[in-house]
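J.: Protein chains in written order, with the working numbering: chain W, 5 to 347; chain H, 74 to 509. Starting off with a structure, shown below.
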């Protein structure tokens with residue numbers, strides 16, 4: 005059963021009581037969250053999802069935010085995003101840890117079907133074996149659950165292993181198979197293969213920054229992969245460790261990212277903090293009912309995005325794009341701004 | 074740190090120069106003043122080693138600084154970069170004479186230290202000029218390391234220095250060109266090490282990390298460091314005095330406070346981060362704080378200070394973080410430009426930067442309560458409503474535990490020859506004992 009079924013109005017009606025309940029649950033069980041809501045004077049009743057108080061996602065890097073006692077923490081997820089930054093810490097209890105892969109599977113089912121597909125990974129096996137697992141490695145490991153007969157397209161040095169890919173296609177190329185990789189890696193390596201990937205379903209993520217530098221946008225990406233590899237089923241997705249299990253998945257027509265039924269986005273004008281209308285870019289707020297063990301159900305990201313349309317695409321609800329990341333604020337002051345530059 | 078001025082905030086745009094990274098093996102750097110060009114550090118040191126003959130308060134240097142100051146005060150330049158007007162003001166002949174008077178007298182003969190190596194912060198564009206000018210006035214040979222990341226204001230200063238040099242009397246130009254150097258280089262241990270080993274005094278501005286980094290390079294045994302590490306500043310206001318002040322006064326003080334704070338995105342070490350409201354009645358303190366915040370919001374919008382989306386998010390992260398820690402009782406926003414945090418207690422006063430235009434507020438029963446709160450890191454205390462006697466008494470009570478400056482609100486950024494408790498002209502000289 006698909007999790008891309010709710011119109012915007014239905015979604016609002018379905019999510020509001022569940023997100024309000026989560027807000028109250030976290031308010032009761034997570035003292036730092038309680039402190040924040042007190043300080044900003046946020047008290048119910050909340051009439052709309054957009055009225056719910058949001059947390060800046062970076063707080064998961066600076067603070068320990070959990071709504072379950074320490075002894076009930078089953079897994080702590082960390083992700084550094086960019087190297088050198090403090091990682092986010094996300095606390096899952098047994099229930100949340102069980103729910104998130106189940107909901108991720110339900111989300112991907114709409115494009116992958118019911119059965120596990122043979123899986124070609126546009127990366128090297130070594131990224132999954134690094135003791136300090138990178139976000140990339142974690143992403144690959146997470147996606148591997150959804151495939152079988154995993155084949156890595158790159159060797160340990162990141163060079164394309166054409167022979168393994170050919171062998172993979174000889175075994176599976178005539179039936180549906182899954183290709184996964186980071187957007188930039190798939191762009192870099194798939195086009196040069198000169199192989200027929202027309203039965204493949206490509207799932208990719210990781211952002212467009214590097215491709216934007218080469219003036220490649222999503223339309224160009226899809227066009228060229230279609231022309232050069234025969235890939236027609238291509239799905240970008242957007243997600244973050246702070247809302248693990250929730251991904252926003254590109255629709256079949258490449259006309260934007262769609263929200264699964266248990267999630268939504270609110271694009272906020274960073275000046276007024278009000279919801280921006282379709283077509284007007286702003287900061288992306290992501291809401292999801294999955295974060296039950298930590299207050300991550302309403303998060304303000306540092307990504308800019310825009311809603312293209314509501315209930316007007318292949319799947320119901322909002323369809324949106326991620327436009328890029330806010331730069332990190334820099335001060336003009338005299339403290340320590342100089343350390344790296346001197347000596 | 075410097076440059077109180079009028080007009081809207083000026084953001085650094087251009088860069089001083091593209092600055093090709095110095096080859097560490099070669100130890101070369103880019104000369105920015107008196108002329109351009111690329112020179113090995115050894116040659117630069119050779120050039121300035123023997124140069125000299127400057128004395129404390131040398132007429133030629135005073136001529137040059139005076140002419141430079143006048144150039145900075147030219148309407149076109151001052152309009153584009155208001156902080157340069159403050160520097161120009163500081164360099165007026167009368168002001169320079171006052172500085173010299175301040176170090177005159179006594180039984181000894183005051184002489185220059187020799188070669189002074191200045192490492193100013195990258196982001197407060199005018200500091201290097203104050204540091205250099207005072208040292209030059211004291212007759213020193215100077216090498217100023219300008220960051221390749223220095224902004225448009227630094228470029229304007231360098232341009233004005235060069236123009237002053239071109240226009241001045243050849244004898245003056247000769248003396249200045251022989252003894253003064255502004256250079257630029259990217260990370261280079263070789264260059265920093267060579268300059269450190271050669272100088273008689275090293276002046277390091279710009280934060281704990283920079284100071285630690287630079288201290289890895291040994292000085293000559295007789296030489297010394299003058300370090301200006303990370304500092305933090307706060308404001309004290311007598312609540313009843315605020316409530317009793319006429320509207321025009323409150324408006325002017327709010328303007329001054331906005332200037333102190335927003336000029337360098339509140340990250341200058343002398344910009345206030347916490348406002349302590351002093352009063353025996355909590356209701357007075359709360360009323361004064363709320364009225365002050367309203368006045369400040371007006372001042373900020375009058376002056377057109379704004380913050381961008383990234384800064385707005387930064388402030389949310391910082392203030393929500395304080396609330397999560399239990400340090401903040403309430404967090405309020407007047408648009409993105411002004412955030413007010415009411416602290417759970419005065420001891421929670423944050424020293425770290427919380428984003429441009431984020432002010433923590435706390436209540437004190439009396440000024441003396443500061444004694445238990447002040448730290449060595451605290452630099453400037455801007456104040457309103459207290460008498461000189463009360464402030465002097467407080468300085469005595471604090472007994473050097475912290476706070477180097479007590480100045481009225483609005484003067485936090487005004488440069489003074491005594492900075493961080495250091496009398497710069499005195500530090501830039503030595504004393505020769507002469508007994509007949």
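C-beta atoms are modelled at their ideal positions from N, C-alpha and C, and glycine is treated no differently.
(1) Please list, in chain order, all residues of the same chain as residue 176 of chain H whose beta carbon is under 7 Å from its beta carbon, the five residues on each side excluded.
(2) Determine, for residue 409 of chain H, whether the minimum Cβ-Cβ distance to residues of chain W falls below 9 Å.
(3) Could you confirm whether any beta carbon from chain H is found closer than 9 Å to the beta carbon of residue 67 of chain W?
(4) Would you give the residue range spanned by the alpha helix (DSSP H) that residue 366 of chain H belongs to?
(5) State the beta-bridge partners of residue 267 of chain W as determined by DSSP.
(6) Classify residue 406 of chain H as helix, strand or coil using the three-state DSSP reduction.
(7) Quick check: the Cα distance between residue 466 of chain H and residue 46 of chain W, rounded to an integer number of angstroms?
(8) So, are the CB atoms of residue 1 of chain W and residue 291 of chain W less than 9 Å apart?
(9) Per DSSP, which residues does residue 329 of chain W bridge with? Please list them.
(10) Write down every uninterrupted run of the alpha helix (DSSP H) in the stretch 190 to 237 of chain W whose length is 4 residues or greater and which is fully enclosed by it, in chain order.
(11) Just checking, does the stretch 323 to 335 of chain H make contact with the stretch 290 to 300 of chain H on the three C-beta pairs under 8 Å criterion?
(12) Assuming residue 126 of chain W and residue 101 of chain W make a contact with CB atoms under 8 Å, what is their CB distance in whole Å?
(13) Could you give the distance in angstroms between the alpha-carbon of residue 167 of chain H and the alpha-carbon of residue 145 of chain H?
(14) Beta-carbon of residue 217 of chain H versus every beta-carbon of chain W: anything under 9 Å?
(15) Rounded to the nearest angstrom, what separates residue 267 of chain W and residue 250 of chain W at their Cα positions?
(16) Span of the beta strand (DSSP E) holding residue 123 of chain H?
(17) Skipping 5 residues on each side, what residues in its chain have a beta carbon closer than 7 Å to that of residue 215 of chain W?
(18) Give the straight-line distance between the Cα atoms of residue 201 of chain H and residue 213 of chain H, rounded to the nearest whole angstrom.
(19) Touching or not, the stretch 72 to 81 of chain W and the stretch 405 to 418 of chain H, by the rule of three or more beta carbon pairs under 8 Å?
(20) Tell me, which residues are paired with residue 435 of chain H by DSSP?
(21) DSSP puts residue 322 of chain W in a beta bridge; with which residues?
(22) Would the stretch 284 to 301 of chain W and the stretch 222 to 240 of chain W be scored as touching if the rule is three or more Cβ pairs under 8 Å?
(23) Mind checking the stretch 45 to 66 of chain W against chain H and listing, in chain order, the residues whose C-beta falls within less than 8 Å of any C-beta there?
(24) Which word fits residue 507 of chain H, buried or exposed, when buried means at least 16 other C-beta atoms lie within 10 angstroms of its C-beta?
(25) Listing by chain order, which chain W residues have their CB less than 7 Å from the CB of residue 387 of chain H?
(26) Going by beta-carbon coordinates alone, are residue 312 of chain W and residue 234 of chain W separated by less than 9 Å?
(27) Less than 8 Å between C-beta atoms, sequence neighbours within five positions excluded: which residues of the same chain meet that for residue 37 of chain H?
(28) I need the straight-line Cα distance from residue 250 of chain H to residue 241 of chain H, nearest angstrom please.
(29) What are the complete beta strand (DSSP E) segments, minimum 3 residues, inside the stretch 253 to 277 of chain H?
(30) For a test of the three-state rule: what should DSSP assign to residue 183 of chain H, helix, strand or coil?
(31) Along chain B, in chain order, which residues have C-beta atoms closer than 7 Å to that of residue 281 of chain W?
(32) Kindly list the residues whose CB is nearer than 8 Å to the CB of residue 130 of chain W, restricted to its own chain and excluding five residues on each side of it in sequence; keep chain order.
(33) Ignoring anything shorter than 3 residues or poking outside the stretch 122 to 196 of chain H, list the beta strand (DSSP E) runs there in chain order.
(34) If we cut at 9 Å on Cβ distances, does residue 39 of chain W have a partner in chain H?
(35) Counting only Cβ pairs nearer than 7 Å, list the residues of chain W close to residue 428 of chain H.
(36) Quick one: what does DSSP say residue 221 of chain H is sitting in, helix, strand or coil?
T.: This is what the structure holds:
(1) Correct list, in chain order: 183, 498, 499 and 502.
(2) With 9 Å as the cut-off, residue 409 of chain H counts as an interface residue toward chain W.
(3) True, the Cβ-Cβ gap to chain H drops below 9 Å.
(4) Start and end: 355 to 376.
(5) Bridge partners of residue 267 of chain W: W:292.
(6) When secondary structure is reduced to three states using DSSP, residue 406 of chain H falls in the strand class.
(7) For residue 466 of chain H and residue 46 of chain W, the distance between alpha carbons rounds to 43 Å.
(8) Chain W is shown from 5 up to 347; residue 1 of chain W falls before or after that span and cannot be answered.
(9) Paired residue(s): W:307.
(10) The qualifying runs are 213 to 217 and 222 to 233.
(11) Look at the beta carbons and you see the stretch 323 to 335 of chain H not touching the stretch 290 to 300 of chain H: under three pairs across the two are nearer than 8 Å.
(12) Distance from residue 126 of chain W to residue 101 of chain W at the Cβ level is roughly 28 Å; contact not present, criterion being Cβ atoms closer than 8 Å.
(13) Those two C-alpha atoms are separated by around 16 Å.
(14) Output row for residue 217 of chain H: interface = no.
(15) Those two C-alpha atoms are separated by around 7 Å.
(16) Per DSSP, residue 123 of chain H lies in no beta strand (DSSP E) segment; the continuous alpha helix (DSSP H) that holds it begins and ends at 114 to 123.
(17) Take residue 215 of chain W, set aside five residues on each side of it, and the residues of its chain with a beta-carbon closer than 7 Å to its own are 187, 188, 191 and 225, in chain order.
(18) Approximately 15 Å, taken between the alpha carbons.
(19) Too few Cβ pairs lie closer than 8 Å, so no.
(20) In the DSSP output, where bridge partners are listed per residue, residue 435 of chain H has H:349.
(21) Note: residue 322 of chain W sits in a beta bridge opposite W:314.
(22) With a cut-off of 8 Å, the stretch 222 to 240 of chain W and the stretch 284 to 301 of chain W do not count as touching, because too few Cβ pairs lie within range.
(23) Correct list: 45, 59, 60, 62, 63 and 66.
(24) Answer is exposed; the Cβ neighbour count stays below 16.
(25) Ordered by position in chain W, the residues that pass the 7 Å Cβ test against residue 387 of chain H are 333.
(26) Their beta carbons are not under 9 Å apart, which means residue 312 of chain W does not touch residue 234 of chain W by this criterion.
(27) This structure gives no information on residue 37 of chain H, because the portion of chain H shown stretches from 74 to 509.
(28) In a straight line, the C-alpha of residue 250 of chain H is about 11 Å away from that of residue 241 of chain H.
(29) With a minimum length of 3 residues, the continuous beta strand (DSSP E) runs that stay inside the stretch 253 to 277 of chain H are 253 to 257.
(30) Three-state result, residue 183 of chain H: strand.
(31) The structure shown contains no chain B; its protein chains are W and H.
(32) Setting aside the 5 residues that flank it on each side, residue 130 of chain W is surrounded in the same chain by 160, each with a C-beta closer than 8 Å to its C-beta; the list follows chain order.
(33) Taken in chain order, the complete beta strand (DSSP E) segments of 3 residues or longer contained in the stretch 122 to 196 of chain H are 182 to 185 and 188 to 192.
(34) Interface residue, yes.
(35) Those within 7 Å of residue 428 of chain H in chain W are 333.
(36) In the three-state reduction of the DSSP assignment, residue 221 of chain H falls in the coil class, being assigned neither a helical nor a strand state.
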